[in-house]
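Following: one structure in structure tokens, then a few remarks.
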Amino acid sequence: MVGKVCKSVLYNVANSFLLESYLCLRLYRMPCEVNRRFLVLYGSQRGQAQSIAEGIADEAGEQGLVADIFCLSQHDKFNLERQRDPVVFVVSTTGDGEPPDTSLKFVKNIKKKTLAADHYAHLHYALLGLGDTNYANFCNCGKTIDQRLQELGGKHFYATGHADDGVGLELVVDPWLEGLWDAIKGAYSKMASLPTESSGSLRDSQTPDLRDSINKPSDSSTAHVKLSLLSLSNAKAQSSDLPGEVSEQSVAQAESSSMSEIQSGDTVAPPAGVEASLTCSLPPLSETSLNVPALPPPYLEVKLQEATTEEEGSSPLSKETVHEVPISSAVQLTSDDSVKTALLLELDISDHPMAYQPGDSFDVLCPNRDSEVEELVQRLGLQDRRSCQVQLSLRKDTKKKAAQLPSYIPEMSTLLYLFTWCMEIRSVPKKAFLRALVECTADSGQKRRLQELCSKQGSADYNLYVRDSSLGLLDLLTAFPSCSPPLSLLIEQVPKLQPRPYSVASSSLRHPGKLHFVFNVVEFPACSWWPAGRRGLCTGWLYDLVDPMLVHHGKADSSSVLEAPRVRVSLRPNVSFRPPSDPSAPLVMVGPGTGVAPFIGFLQQREKERGEHPEVVFGETWLFYGCRHRDKDFLFREELQGFVGNGSLTHLKVCFSRDSQDQAGPRYVQHNLLLHAKDICNILLQQNGRLYVCGDAKNMAKDVNDTLIDLVAAELHLDKLEAMKRLASLREEKRYLQDVWS
Ligand code: FAD
30 MVGKVCKSVL
40 YNVANSFLLE
50 SYLCLRLYRM
60 PCEVNRRFLV
70 LYGSQRGQAQ
80 SIAEGIADEA
90 GEQGLVADIF
100 CLSQHDKFNL
110 ERQRDPVVFV
120 VSTTGDGEPP
130 DTSLKFVKNI
140 KKKTLAADHY
150 AHLHYALLGL
160 GDTNYANFCN
170 CGKTIDQRLQ
180 ELGGKHFYAT
190 GHADDGVGLE
200 LVVDPWLEGL
210 WDAIKGAYSK
220 MASLPTESSG
230 SLRDSQTPDL
240 RDSINKPSDS
250 STAHVKLSLL
260 SLSNAKAQSS
270 DLPGEVSEQS
280 VAQAESSSMS
290 EIQSGDTVAP
300 PAGVEASLTC
310 SLPPLSETSL
320 NVPALPPPYL
330 EVKLQEATTE
340 EEGSSPLSKE
350 TVHEVPISSA
360 VQLTSDDSVK
370 TALLLELDIS
380 DHPMAYQPGD
390 SFDVLCPNRD
400 SEVEELVQRL
410 GLQDRRSCQV
420 QLSLRKDTKK
430 KAAQLPSYIP
440 EMSTLLYLFT
450 WCMEIRSVPK
460 KAFLRALVEC
470 TADSGQKRRL
480 QELCSKQGSA
490 DYNLYVRDSS
500 LGLLDLLTAF
510 PSCSPPLSLL
520 IEQVPKLQPR
530 PYSVASSSLR
540 HPGKLHFVFN
550 VVEFPACSWW
560 PAGRRGLCTG
570 WLYDLVDPML
580 VHHGKADSSS
590 VLEAPRVRVS
600 LRPNVSFRPP
610 SDPSAPLVMV
620 GPGTGVAPFI
630 GFLQQREKER
640 GEHPEVVFGE
650 TWLFYGCRHR
660 DKDFLFREEL
670 QGFVGNGSLT
680 HLKVCFSRDS
690 QDQAGPRYVQ
700 HNLLLHAKDI
710 CNILLQQNGR
720 LYVCGDAKNM
730 AKDVNDTLID
740 LVAAELHLDK
750 LEAMKRLASL
760 REEKRYLQDV
770 WS
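The letter at position 407 of the sequence shown is residue 436 when you use the numbering used here, and the numbering goes up by one with no holes.
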């Protein structure tokens, strides 16, 4: 995972790159040179794209450039129609290939059919798209913007990057960022040949065109490339002869380099039999020179003040869209010996304006676990300051571009509140965070290992010991005991605690004033960090919350809870994933496991509508459901059979992946789809029907998609590519819809 930009500052134990960096900086800081500008635009849903964009803007100064940075929603602040400087886009994709909320308007605007084919002929841009191949429409927002800018005459000055969160964004992000600077500098050469009268970004309209007063860019670019090829072995000797003016960056590098030099020189070969681990590396990594990310510029100042008022210790309720509602019932849908535990919760929303539709989901605001918060407070030595109010301000001397106070931390929060409700303390630390932790680590061996983990050379170790192990901040601080980060660094680097979305599993027609949802309790297997294993943050918390009132599968309700536990929730309407407005349209629903949730809502609604409108013709409904065992985890079994009995569900196709007596039959939902290929194709291709898929994004949704491609190809005698196009157009028409998660 990458958040802060991992730029490649050349930082070498043998000082070998120092000369090169120094000369590059000198070249771009000639006295007569005015820093050149470029524009960074980001479209971010959960902060990743914003964080990368901010990293680019932060680094610009060190590259002798000036970045203006804006969110794509801030259309009053930039003007692409008049933009003559290079533009860098960093955009993520959300949901079913949708643009982030903040980019919707921008995407809509550039899609306008009235725009001329040369509308953006003046635009020189580079684009980094973030996505996740576990979901359909990988990097769709980035691809859409890119394609549309191309159609409108825009020109790439650098190849587009598509980073995949499914395998680690940094695999693409890091090299992309590394090459970006040369590309931007190269772009100036090309753009210098543009007629000056065409200049006119928003900035240009207010200030003179700066390009007239800069050195010929091609000179410096060429020099830069040549310098990069300098023999590294000469560098150290030559660096001592360099003239006096040394930039802060060079100093930082020099300090870091010498630090690393000592560690590398002191590295003692580990005793035979020692294995690599989070805290220990083996040659060649332990002996190699490292390229590490730039130190993220600090930007927050934190003061802890004795609290004067008692603060309530619960989640933010500031937004009117957040409702605190009681949990009115909790049922375990799976048997006690099932591999997964699925719970069905009912929320009493009768006193709240939460008008939901089947297909919608909603967010649950959950806290970090008390025990983990307490451990963190202790580890940071802040146990006596728990109830202090945290006062945040921006550092006056910060080099961070567009530095802002984190909007998700309410003013005057106590330290305990901050750790409990605001920060995702279990999140996997990004490389930039590790880089910053190096500076707070006293022990030289631990320092070196942290450097390795955030370095380019240590990428495989980072993936193995940090990312794939879901290592959190606490685990890291336990492993590196001499690391003592200041609170300000944690607030800067630990992301916002995200609410967890859940699909509504009811219809308000059938359950007025109530909202149902179903979830599997996420279980992390035991490992050296958590010998007893651990539960997912939200599902584990919900489980503990409802434990005293939980009704077990097939047992009568004997619980006697005095006060219903309450949770804070916020509705997330989904305008596409809804039952068809035309009741006669046939629909196919594919939802194994908890993926059946929205379809329970669809079918409850259908049942009610059929009862109330016997004169209406309703289209046929198919549900493809799957689980491991008929008797252990067949969720909503009786209710589904009831829908079949009363005609709301025309076809229920169920398969069991682990029941030996069923092994001859279909094992997974896609196998059942194949068995009913003719009907599915007929519904989709002839009858204007719809197909909905809900549940696991990683395997199921992909397998179902592949099967649909095969079905369409066979039915229409198309090759695979044509069949994929056909499915893509069904998606466009919103007749093939997904609501998937991993
Ligand atoms: P977290 O603490 O956030 O941990 C989950 C993370 O851990 C995931 O990233 C996962 O990849 C990873 N993980 C899971 N198991 C392991 C493991 N064994 N080892 C290592 N890593 C692991 N979920 C439902 O159950 N029902 C729903 O109806 C539902 N609807 C959703 C609707 C939408 C639109 C979306 C986006 C998600 C939905 N989810 C649903 C998923 C849900 O939001 C949560 O992600 C899920 O409940 C886990 O939350 P958690 O806080 O308990 O887990």
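Cβ coordinates follow ideal geometry from the N, Cα and C atoms, glycine included.
Using a threshold of 6 Å, is the CB atom of residue i nearer than that to any non-hydrogen atom of ligand 1?
i	result
GLY126	no
SER390	yes
TYR765	no
PHE548	yes
TYR22	The displayed coordinates of the chain run from 30 to 771. Any statement about residue 22 would go beyond what the structure contains.
SER605	no
TRP770	yes
LEU198	no
LEU362	no
PRO625	The residue asked about is misnamed: residue 625 is Val in this sequence, not Pro. Because no heavy atom of ligand 1 lies under 6 Å away, the Cβ of VAL625 does not count as near it: no.
SER14	The displayed coordinates of the chain run from 30 to 771. Any statement about residue 14 would go beyond what the structure contains.
LEU620	The identity of residue 620 in the sequence shown is Gly, whereas the question assumes Leu. Every heavy atom of ligand 1 is 6 Å or more from the Cβ of GLY620, so no.
GLY501	no
VAL523	no
VAL551	yes
CYS567	yes
Going by other Cβ atoms of all chains shown within 10 Å of its Cβ, with 16 needed for buried, is residue i buried or exposed?
i	result
SER442	buried
LEU434	exposed
MET59	Caution applies to MET59, whose pLDDT of 36 falls short of 50 and renders its modelled position unreliable; the model cannot decide the point.
HIS151	buried
GLY93	buried
PHE685	buried
GLY487	buried
HIS545	buried
LEU178	buried
ASP768	buried
VAL467	buried
SER771	exposed
GLU762	exposed
SER689	exposed
Which residue or residues does DSSP assign as beta-bridge partners of residue i?
i	result
TRP651	VAL617, HIS680
ASN549	ALA371
ASP768	CYS723
ARG639	BP columns for ARG639 are empty, so no partner.
GLN334	GLN418
GLY624	For GLY624, which the question treats as bridged, DSSP gives no partner whatsoever.
ALA96	PHE67
LEU600	PHE391
LEU502	Looking at the DSSP assignment, LEU502 forms no beta bridge with any residue, so it has no partner.
GLY90	DSSP, once it has assigned bridges, lists no residue as partnering GLY90.
ALA155	VAL117
LEU329	LEU423
Confirm the yes/no value for this check: CB of residue i, any heavy atom of ligand 3, distance under 6 Å.
i	result
GLU88	With respect to ligand 3, the structure shown offers nothing to examine, as its ligands consist of ligand 1.
Under 8 Å, with one C-beta from each stretch per pair, do the region 367 to 375 and the region 656 to 674 reach the 3-pair mark? Between the region 367 to 375 and the region 656 to 674, the count of Cβ pairs shorter than 8 Å is three or higher; the stretches touch.
How do the region 609 to 623 and the region 722 to 729 stand: do at least 3 beta-carbon pairs fall below 8 Å, yes or no? Yes, the region 609 to 623 touches the region 722 to 729.
If you scan the region 103 to 153 from start to end, which runs of the alpha helix (DSSP H) of 4 or more residues do you find wholly inside it? As far as the region 103 to 153 is concerned, its whole alpha helix (DSSP H) runs of at least 4 residues are 133 to 139.
Taking only runs of the beta strand (DSSP E) that begin and end inside the region 430 to 498, which ones reach a length of at least 3 residues, in chain order? Runs found: none.
Runs of 3 residues minimum, wholly inside the region 173 to 203: which ones carry the beta strand (DSSP E) assignment? Counting whole runs of 3 or more residues, the region 173 to 203 contains the beta strand (DSSP E) stretches 190 to 193.
Pairs of beta-carbons, one from the region 495 to 513 and one from the region 449 to 462, closer than 8 Å: are there three or more? In this structure the region 495 to 513 touches the region 449 to 462; the number of beta carbon pairs closer than 8 Å is three or more.
For the region 636 to 644 against the region 379 to 387, are there 3 or more C-beta pairs whose distance is under 8 Å? In this structure the region 636 to 644 does not touch the region 379 to 387; the number of beta carbon pairs closer than 8 Å is below three.
Any alpha helix (DSSP H) of 4 or more consecutive residues that is wholly inside the region 724 to 754: Under the rule that a run must span 4 or more residues, the alpha helix (DSSP H) segments found entirely inside the region 724 to 754 read 729 to 745.
Counting Cβ pairs, one atom from each stretch, are 3 or more of them under 8 Å apart for the region 103 to 112 and the region 78 to 92? Contact between the region 103 to 112 and the region 78 to 92 is absent: fewer than 3 CB-CB pairs across the two stretches fall below 8 Å.
Counting only runs of 4+ residues fully inside the region 343 to 419, write out the alpha helix (DSSP H) ranges in chain order. Fully enclosed alpha helix (DSSP H) runs of no fewer than 4 residues occupy 399 to 408 of the region 343 to 419, in order along the chain.
Determine, using beta-carbon pairs with one atom in the region 573 to 584 and one in the region 347 to 362, whether at least three such pairs fall under 8 Å. Judged by Cβ distances under 8 Å, the region 573 to 584 makes contact with the region 347 to 362, as three or more pairs qualify.
State whether the region 307 to 323 contacts the region 393 to 409, with contact taken as three or more CB pairs (one from each stretch) at a distance under 8 Å. At 8 Å Cβ cutoff, the stretches do not touch.
On the three-pair Cβ rule with 8 Å, is the region 96 to 106 touching the region 147 to 166? Between the region 96 to 106 and the region 147 to 166 there are fewer than three inter-stretch CB-CB distances shorter than 8 Å, so the stretches are not counted as touching.
Please give the ranges of any alpha helix (DSSP H) in the region 504 to 539, keeping only runs that are unbroken, at least 4 residues long and fully inside the region. If we require 4 residues or more, the alpha helix (DSSP H) runs fully inside the region 504 to 539 come out as 516 to 522.
Measuring CB atoms only, is the region 505 to 514 touching the region 460 to 478, in the sense that at least three cross pairs come out at less than 8 Å? Touching, yes.
Flag this pair as touching only if the region 390 to 400 and the region 598 to 605 have three or more C-beta atom pairs under 8 Å; answer yes or no. Here the region 390 to 400 lies against the region 598 to 605, with 3 or more beta-carbon pairs under 8 Å apart.
With three or more C-beta pairs closer than 8 Å as the rule, is the region 664 to 674 touching the region 563 to 576? Touching, no.
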